[in-house]
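Reviewing the structure listed below.
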Amino acid sequence: MLTLPRTADALLDVRVSGKRYDTRVVLDSISLTIKAGEIVSLVGPSGCGKSTLLRIIAGLDRNYDGDVLLDSQRQQGPSSRVGVVFQEPRLLPWLDVANNVAFPAGPRRGSDPRVGELLAQVGLANARSSLPKHLSGGMAQRVAIARGLFTNPDLLLLDEPFSAVDAITRMRLQDLLLSLVSGGKTATLLVTHDLDEALYLADRVLLMTPSGHGGAGRIAREIAIPDGRPRDRNGPWLAAARGKLLESLGVSGS
59 MLTLPRTADA LLDVRVSGKR YDTRVVLDSI SLTIKAGEIV SLVGPSGCGK
109 STLLRIIAGL DRNYDGDVLL DSQRQQGPSS RVGVVFQEPR LLPWLDVANN
159 VAFPAGPRRG SDPRVGELLA QVGLANARSS LPKHLSGGMA QRVAIARGLF
209 TNPDLLLLDE PFSAVDAITR MRLQDLLLSL VSGGKTATLL VTHDLDEALY
259 LADRVLLMTP SGHGGAGRIA REIAIPDGRP RDRNGPWLAA ARGKLLESLG
309 VSGS
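Quick note: the sequence shown uses this note's numbering, first residue 59, plus one each step.
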């Protein structure tokens with residue numbers, strides 16, 4: 059088990075001593091912190107509890123032992139200070155793009171000036187009146203990212219947000235995400251199965267493994283990425299960092 063130390067300047071401070079589904083323990087002795095403006099990736103094999111941990115941090119699951127603190131304040135449920143982007147866009151099919159983006163503020167708020175700003179940032183300024191059925195997969199996920207950022211959240215949570223799109227669109231969405239959050243104060247926690255994606259985007263990569271009590275998920279390793287941005291996707295640092303992750307997962311990198 060890796061216990062990450064508490065830091066005085068942490069925006070997010072998570073301590074989950076246990077999470078169960080009936081009698082099965084799925085999370086055990088989880089600790090992590092994230093600073094404002096930091097991007098952290100969470101990787102690990104399927105079933106180790108990554109998405110469960112994300113739901114707890116988002117306030118969507120309150121049935122656990124422990125605390126989630128945002129700016130030292132205990133979180134009791136969903137908050138406008140936390141934006142969430144899921145694996146699927148989950149757009150409401152009867153609302154146009156603008157109203158989907160503004161939905162965190164309530165239905166039919168698409169005229170909010172913030173909507174136009176975000177749609178311009180994600181390259182969809184001309185699609186505000188379109189219905190979701192007229193969007194490609196990449197366009198729909200851009201709308202979902204804009205919706206996640208609509209409330210100017212302090213923390214953005216992403217649960218495998220690019221896994222359903224093709225490889226080229228995925229890389230473009232990765233760069234879009236970096237352009238939206240880099241240099242700002244929004245902290246980002248990204249759950250992904252793609253090791254290269256985790257290493258390309260994050261300041262730190264946390265490896266979760268089912269190594270706790272009864273195979274419950276724990277954070278087993280932290281890898282800090284020293285390279286600044288923009289990064290070279292083909293740089294030697296990526297191969298070295300990927301090797302560390304594969305070694306921790308018990309997989310040969312050769």
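Cβ atoms here follow ideal geometry from the backbone N, Cα and C, with glycine treated the same way.
Please confirm whether Leu90 has its beta-carbon closer than 9 Å to some beta-carbon of chain C. Of the protein chains in the structure, only one exists, and it is not chain C.
- Quick one, are the C-beta atoms of Pro162 and Thr209 less than 9 Å apart? Locating residue 162 in the sequence shown gives position 104, where the first residue counts as 1. Locating residue 209 in the sequence shown gives position 151, where the first residue counts as 1. Their beta carbons are under 9 Å apart, which means Pro162 touches Thr209 by this criterion.
Exercise. When DSSP labels each residue in this structure, what does Leu176 get in the three-state scheme?
Worked result: Counting from 1 along the sequence shown, the entry for residue 176 is found at position 118. Helix.
Segment contact flag, the segment 249–261 with the segment 67–77, C-beta cutoff 8 Å, min 3 pairs: no
**Asked** Leaving out the 5 sequence neighbours to the left and right, which residues in its chain are closer than 6 Å to Trp295 when beta-carbon positions are compared?
**Response** For the purposes of this step, residue 295 is taken as the residue at position 237 of the sequence shown. So the list reads Asp285, once near-sequence residues are dropped.
- Going by CA-CA distance only, name the one from Gly117, Ile114, Ile92 and Arg200 that's closest to Val223. Here residue 223 refers to the residue found at position 165 when the sequence shown is read from its first residue. Of the listed residues, the one whose Cα sits closest to Val223 is Arg200.
| query | Beta-carbon separation of Ile203 and Val180 under 9 Å? | reply | Looking up residue 203 in the sequence shown gives position 145. Looking up residue 180 in the sequence shown gives position 122. Yes, the pair counts as a contact, with Cβ atoms nearer than the cut-off.
ask   = In whole angstroms, what is the alpha-carbon distance linking Glu96 and Leu236?
value = Stepping through the sequence shown from its first residue, residue 96 is reached at position 38. Stepping through the sequence shown from its first residue, residue 236 is reached at position 178. Going by the C-alpha atoms only, they are around 11 Å apart.
Notebook entry, point to check: Which term fits Leu90, buried or exposed, when burial requires 16 or more other beta carbons within 10 angstroms of its beta carbon?
Noted result: On the sequence shown, residue 90 is found 32 positions in, with the first residue counted as 1. Buried, since its Cβ has 16 or more Cβ neighbours within 10 Å.
Are the Cβ atoms of Arg139 and Pro211 separated by less than 9 Å?
-> In the sequence shown, the residue the question calls residue 139 occupies position 81. In the sequence shown, the residue the question calls residue 211 occupies position 153. Contact: yes.
**Q.** Limits of the unbroken alpha helix (DSSP H) element including Ser237
**A.** Here residue 237 refers to the residue found at position 179 when the sequence shown is read from its first residue. Here the alpha helix (DSSP H) through Ser237 covers Ala225 to Val239.
* Counting only runs that start and end within the segment 127–191, where is the alpha helix (DSSP H) found for 4 or more residues in a row? -> 155–159 and 171–179
Notebook entry, point to check: Looking at the structure shown, is Gly275 part of a helix, part of a strand, or coil, going by DSSP?
Noted result: Here residue 275 refers to the residue found at position 217 when the sequence shown is read from its first residue. If DSSP states are grouped into helix, strand and coil, Gly275 belongs with the strands.
Quiz item: Skipping 5 residues on each side, what residues in its chain have a beta carbon closer than 7 Å to that of Val142?
Solution: Here the question's residue 142 lines up with position 84 in the sequence shown. Only Ala116, Gly206 and Leu215 meet the Cβ criterion.
- On the DSSP bridge assignment, give the partners of Ile88 in chain order. Working through the sequence shown from its first residue, we reach residue 88 at position 30. Note: Ile88 sits in a beta bridge opposite Val74.
query = According to DSSP, which residues form a beta bridge with Ile281?
reply = Taking the sequence shown and counting its residues from 1, one reaches residue 281 at position 223. DSSP, once it has assigned bridges, lists Val263 as partnering Ile281.
- Using three-state DSSP, classify Asp252 as helix, strand or coil. Here residue 252 refers to the residue found at position 194 when the sequence shown is read from its first residue. Three-state result, Asp252: coil.
Residue span of the alpha helix (DSSP H) that contains Ser109, given as start and end = Numbered from 1 along the sequence shown, position 51 holds the residue referred to as residue 109. Unbroken alpha helix (DSSP H) run through Ser109: Lys108 to Ala116.
Do Met266 and Val101 have their C-beta atoms within less than 9 Å of each other? In the sequence shown, the residue the question calls residue 266 occupies position 208. In the sequence shown, the residue the question calls residue 101 occupies position 43. Yes, these two residues count as a Cβ contact at 9 Å.
- Quick one: what does DSSP say Leu193 is sitting in, helix, strand or coil? The residue labelled residue 193 in the question sits at position 135 within the sequence shown. In this structure, Leu193 counts as coil in the three-state DSSP scheme.
- Query: Roughly how many whole angstroms lie between the Cα atoms of Asn329 and Thr250?
  - Reply: The requested residue 329 does not occur in the structure, where the chain is confined to residues 59 to 312.
Residue interval of the alpha helix (DSSP H) (run including Ser306):
Indexing the sequence shown from 1 puts residue 306 at position 248. Segment Pro294 to Ser306, the alpha helix (DSSP H) holding Ser306.
Could you tell me which residues DSSP puts in a beta bridge with Arg200? By 1-based counting over the sequence shown, the position of residue 200 is 142. Bridge partners of Arg200: none, in fact.
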